[in-house]
Structures are given as C-alpha cells and as structure tokens.
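If you use numbering that gives the first Met the number 0, the sequence shown corresponds to residues 0 to 109, in order.
Worksheet: the structure to be examined is printed underneath.
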Amino acid sequence: MLTAKQSREIEAKLALHQDTLKKLPEDQAAAFHARMKWLMKAHKYQIPPKGDWFTIWMLVAGRGSGKTRTAAEDIWYYAWTHPNHRVLISGPTSADIRDTMIEGESGLLA
C-alpha cells in the first residue's frame, strides 16, 4: 500500500488538475483512473522506483507476493504511455506465459 503521505500527495496532484482530467477523452480517463486505482492498492515494493531508468526491473519475491500483477500493471501502463514500443515478457515456457502472464487471474488480460 502507499504510505499516507504518498496518498495525500496523489490526491493533492489530482485536485490541481480536476478541470484537465474532465476534458480527457474517455479512453485516456479510464486508463488514468485504472493506474491510480492500482497505485492506491499496490504495496510499496510493487511501485516502480522513481526516475527515467525503466528498461529492466527484476522482482525477486516468493509465491503469492504479487509479481505477476505488478508486471501486468506496469507493462500495460508502459505500453499506454509509450505507443509503438515493444516489451518482452519472459517465462519458462510459452504455455506459462500465456496461462499465467497473459490470461491468468493477475495477467495482462485480467
């Protein structure tokens, strides 16, 4: 989860831009709200570090810690904010990639 301070900062930033947010096309507003919803419920370790570094981010954690969900949330957000860029999704087998990372309960299509 976000800290109380981080939540207040997000709310303050949103309040400053309410008029602009109302003018967004429906798809952009939906994507924005989906991202905010994720950030509000994500654990601290599930939020990417700040900075313009994002090429590889390795999550090392145990079963059920939210690695797949974190990856799915950040991959769709990266794809949405970087049109026409490619991303790599890696797994042990193509079936693992499809069944877990794409179609699974925490996958990209969830």
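By construction, the Cβ of each residue, glycine as well, lies at the ideal position given by its N, Cα and C atoms.
The C-alpha of K12 is placed about 32 Å away from the C-alpha of I88. Contact annotation: the segment 60 to 74 does not touch the segment 16 to 24, with fewer than three C-beta pairs closer than 8 Å.
With a beta-carbon spacing of about 12 Å, A109 and A70 fall beyond the 8 Å limit used to define contacts. Counting along the chain, no alpha helix (DSSP H) covers W52, and no H or E run does either. Each residue's CA atom was taken as its position, placing S93 and Y44 some 27 Å apart. Just so you know, the alpha carbons of P91 and L107 end up roughly 17 Å apart. Going by beta carbons, L38 and I74 fall outside the 8 Å limit.
Of the other Cβ atoms in all chains shown, fewer than 16 fall within 10 Å of the Cβ of T19; this residue is therefore exposed. Contact annotation: W79 and A28 have beta-carbon atoms that are not nearer than 8 Å. Between the C-alpha atoms of R68 and E102 there is a straight-line separation of about 12 Å.
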